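Take 146 as the starting number for the sequence shown in my numbering and just add one per residue. Idealized CB from N, CA, C, for every residue including glycine. Small disclaimer: the values here were computed from a predicted structure and weren't measured. Okay, structure first, notes after.
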Amino acid sequence: MQKEVIVIGGGIIGLCSAYYLQKEGHKVTVIDQSNMDYGASYVNAGYISPSHIIPLSAPGTMKKGLKWMFNPSSPLYIKPRLDSDFLKWVWAFNKSCHPKHVKKAIPAIKDITLLSQKLYHEIKTVEQLNFQLEDKGLLMLCKTEKMLEEEVKTAHLAITEGLETKILNTAELKQLEPNVSIDAVGAIYYKCDSHSTPHEFMREMKALLIKKGVTIFSNEKVE
């Protein structure tokens, strides 16, 4: 049965939700407060990384988070404030930062990312889109032995989960990238990873949805 569905937010999740809802036969409207041509969905590295299987709420994150919290350009910037809801969230987040939670979360994160990778290829092929999508992997360079030691731990987790991963010494790294001078003591090559061009995907997906009859309201705030 057809339903009328409103998707609030025209980022990558919103547009993809609209795509699959329309595909199921529903009448879909997308509302976004921006012009949908900037922001995290539009401007990011474009990695589709099954290798990134460790959740943010992992042991050691809170210790790093105290430093990151005051740096707007850090991986985990949350404006500190004396707010009861914020303090409850911090408490719950800290409670999740233990090995048992990480072990439980890893398979789910891996499966979701692998499915996303598959669906990107499916959308590109079925809808004949032109955004860049390549399966060349991700190379993590380590400039210090300590960095390499930490990344090797992640690599072993990825290998255990069946993800195509290789630990490289300097000679193997040079063989992989013979024409580049790299200052590193070693690297991890996550061959399982892909990368795309998010701005192209967003632009093409928006045009595709309009063509399929999805209504899109930009510069409209929902209150």
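Here DSSP, grouped into helix, strand and coil, assigns Phe231 to helix. Under the DSSP definition of a beta bridge, Val150 partners with Val173.
Using a Cβ distance threshold of 8 angstroms, Thr310 and Cys337 count as a contacting pair. Here the alpha carbon of Asn180 sits roughly 16 angstroms from the alpha carbon of Val359.
Around the Cβ of Gln320, a 10 Å sphere holds fewer than 16 other Cβ atoms; the residue is exposed.
Contact between Ile268 and Glu306 is absent: CB atoms are separated by about 25 angstroms, not below the 8 angstroms threshold. If you draw a straight line from the Cα of Tyr164 to the Cα of Ile361, it comes to about 12 angstroms. Annotation: the continuous alpha helix (DSSP H) that includes Cys161 extends over 157-168.
Leaving aside the five residues that flank Cys242 on each side, the residues in its chain whose CB is nearer than 7 angstroms to its CB run, in chain order, Ser202, Ala203, Pro204, Thr206, Met207. Taking all protein chains shown into account, Leu260 has fewer than 16 neighbouring C-beta atoms within 10 Å of its C-beta and is therefore exposed. Cβ neighbours of Gln262 within its own chain (closer than 7 angstroms, five residues either side excluded): Ile193, Pro195, Ser339.
Taken through DSSP and simplified to helix, strand or coil, Ile193 comes out as strand. Under the three-pair Cβ rule at 8 angstroms, the region 218-236 does not count as touching the region 340-360. Between Gly184 and Gln147 a beta carbon distance of about 31 angstroms is seen, past the 8 angstroms cut, so the two are scored as non-contacting. Along the region 266-323, the beta strand (DSSP E) occurs as fully enclosed runs of 3 or more residues at 283-287, 310-313, listed in sequence order. The Cβ neighbour count for Ala332, taken over all protein chains shown within 10 Å, is at least 16; the residue is labelled buried.
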